Amino acid sequence: MTVTLVLLLLALFLVTGLPVALAMSVSGAIGLYLLGGWNFVAGILRTSPLSTASSYEIITIPMFILMAEFVILSGVAKDLFRAASIWVGRLRGGLAMATAIAGAGFGAISGSSTAAAATLASTSIPSMMEQGYDPKLAGGAVAISGTLAMLIPPSIALILYGIIADLPVGDLLIGGVVPGFIVTMAIILTIAVLVRIDPAAAPKGQAYTLREKIGSLKHVGPMLILFLAVTGAIYSGISTPTEASGIGAFVAMLLAARERKLNLESLLIALRNTAHTTAMILFIILGAHVFGYFLTLSRVTNELAGWIGGLGLAPLLIMAIILIGYLILGFFMDQIAILILTVPVMLPVITQLGFDPVWFGVVVIVTAEVGMVTPPMGMNVFVVARYTRRPLGELFRGVMPHVWAHLLVIALLVLFPSLVLWLPSTM
Numbered sequence: 096m097t098v099t100l101v102l103l104l105l106a107l108f109l110v111t112g113l114p115v116a117l118a119m120s121v122s123g124a125i126g127l128y129l130l131g132g133w134n135f136v137a138g139i140l141r142t143s144p145l146s147t148a149s150s151y152e153i154i155t156i157p158m159f160i161l162m163a164e165f166v167i168l169s170g171v172a173k174d175l176f177r178a179a180s181i182w183v184g185r186l187r188g189g190l191a192m193a194t195a196i197a198g199a200g201f202g203a204i205s206g207s208s209t210a211a212a213a214t215l216a217s218t219s220i221p222s223m224m225e226q227g228y229d230p231k232l233a234g235g236a237v238a239i240s241g242t243l244a245m246l247i248p249p250s251i252a253l254i255l256y257g258i259i260a261d262l263p264v265g266d267l268l269i270g271g272v273v274p275g276f277i278v279t280m281a282i283i284l285t286i287a288v289l290v291r292i293d294p295a296a297a298p299k300g301q302a303y304t305l306r307e308k309i310g311s312l313k314h315v316g317p318m319l320i321l322f323l324a325v326t327g328a329i330y331s332g333i334s335t336p337t338e339a340s341g342i343g344a345f346v347a348m349l350l351a352a353r354e355r356k357l358n359l360e361s362l363l364i365a366l367r368n369t370a371h372t373t374a375m376i377l378f379i380i381l382g383a384h385v386f387g388y389f390l391t392l393s394r395v396t397n398e399l400a401g402w403i404g405g406l407g408l409a410p411l412l413i414m415a416i417i418l419i420g421y422l423i424l425g426f427f428m429d430q431i432a433i434l435i436l437t438v439p440v441m442l443p444v445i446t447q448l449g450f451d452p453v454w455f456g457v458v459v460i461v462t463a464e465v466g467m468v469t470p471p472m473g474m475n476v477f478v479v480a481r482y483t484r485r486p487l488g489e490l491f492r493g494v495m496p497h498v499w500a501h502l503l504v505i506a507l508l509v510l511f512p513s514l515v516l517w518l519p520s521t522m
């Protein structure tokens, strides 16, 4: 009865628009009070803020956010798009494909999906519109390409999952590399199919010489340096994810200074944006810890795991049902909120079913990407709409083929877990 009451209270808070951090903190505190009284609540509230902020892995969040701020400031995304468009520019729909490649490259140096979508929208959409691309095709390509930042390291979403699930952040980040490549190829192939079906959606491409292609690679040099400084350092064991995040932020600052984009004003703006975003995420994690204590003490996670285990269904069927639930939640909730709310509950279930929690984390992030481009939330589509000034309905229709492609990728990752687990196993 207590669990039901608290869950209903949490749902009520979220429906009325209360911030996720506050909704989870208040409902969790009420649940703890019902279980053990005020002294119980006070003891947990006294220790939770310190234990949340003092976690060593937490440092990765502000450092990677700061790195993304410096990357955006340096303008490297424009160089990535320019280089990618030269290499695939001769193909019909080449600029849209270049957007996907630039999205993967930007994702490798930034962990924010909406920041990636905004940067790609300001970089690639004007070029595509100028060359006569169908706005639906262009907008869909940008919106879905922005989601790659959620998966390709350094992914803030994967870091959060690791902190909540108490898993090695390095394994999760490296586990996202191969799926990130697969998703990128799925976006490119979807664009190729769309322009094959409707050639009018994109003009014929422009051919470039081999010298121009080789020359364009100098523009991706800074991105490669940053990628090696972060992901390469983690994979090789030279540094932990926490140390790599600090290295990445420092290298990104040097790149911004090299481009003469760094001054006192821009530095203060980058630091302020980082502080705001980090504070928001920390409050959400704090709320998750309070609510997680309630779930643990009420034993609801153990009871749920036991109930699901007693159903007698095949583990893959149960996994399919769980992922469908994540897809539905993604239609209505922010992806970070979904992770915070569901991971403490679902992780014991996943472990009991025999699935690897690192694999599950990557699959959940790929599933959450769908929520970034589907109504009514679809944050990336709203970002693209602001730049294209096109109707939301048109843009949502433009991204739907990519949603179907994403579902195929999810099925592939479920059927072949080694696609996620192979690279971390070689570390």
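The numbering of the sequence shown is my numbering, which starts it at 96 and goes up by one.
Where is the CB? At the ideal position from N, CA and C, for every residue including glycine.
As the structure is a computational prediction, the values presented were derived from the model and not from experiment.
Rounded to the nearest angstrom, the Cβ distance from Leu232 to Gly473 is 17 Å, too far for a contact under 8 Å. Collapsing the DSSP output to three states places Tyr421 in a helix. Counting every other CB atom within 10 Å of its CB across the protein chains shown gives Asn358 a total below 16, marking it as exposed. Counting along the chain, Lys308 sits inside the alpha helix (DSSP H) bounded by residues 305–311.
For Met158, the CB contacts under 6 Å within the same chain, skipping 5 residues up- and downstream, are Ser340, Gly341, Ala344 in chain order. Here Ser520 is exposed: its Cβ has fewer than 16 other Cβ atoms, across all protein chains shown, within 10 Å. For Phe165, the enclosing alpha helix (DSSP H) covers residues 155–169. A straight line joining the alpha-carbon of Leu168 with that of Arg291 spans about 37 Å.
Cβ neighbours of Val278 within its own chain (closer than 6 Å, five residues either side excluded): Val504. The DSSP-derived three-state label of Pro221 is helix. Of the other Cβ atoms in all chains shown, 16 or more fall within 10 Å of the Cβ of Asp174; this residue is therefore buried. It is roughly 6 Å from the alpha-carbon of Val479 to the alpha-carbon of Gly234. Ser520: member of the alpha helix (DSSP H) spanning 513–520, first to last residue. DSSP, reduced to helix, strand and coil, places Ala260 within a helical segment of the structure shown. Of the residues assessed, Trp402 falls on the exposed side of the cut-off, its CB having fewer than 16 other CB atoms within 10 angstroms. When Val440, Asp266, Phe165, Val315 are compared, the shortest CA-CA separation from Arg355 is found for Phe165. Residue environment analysis places Trp133 among the exposed positions, since fewer than 16 neighbouring C-beta atoms fall within 10 angstroms of its C-beta.
Two segments are said to touch when three or more pairs of C-beta atoms, one from each, lie closer than 8 Å; by this definition the stretch 322–335 does not touch the stretch 296–304.
When C-alpha distances from Leu105 are compared across Thr218, Met495, Thr437, Phe511, the shortest belongs to Thr437. In the DSSP assignment, Asn475 falls within the alpha helix (DSSP H) that extends over 474–483.
Contact annotation: Gly425 and Gly466 have beta-carbon atoms nearer than 8 Å.
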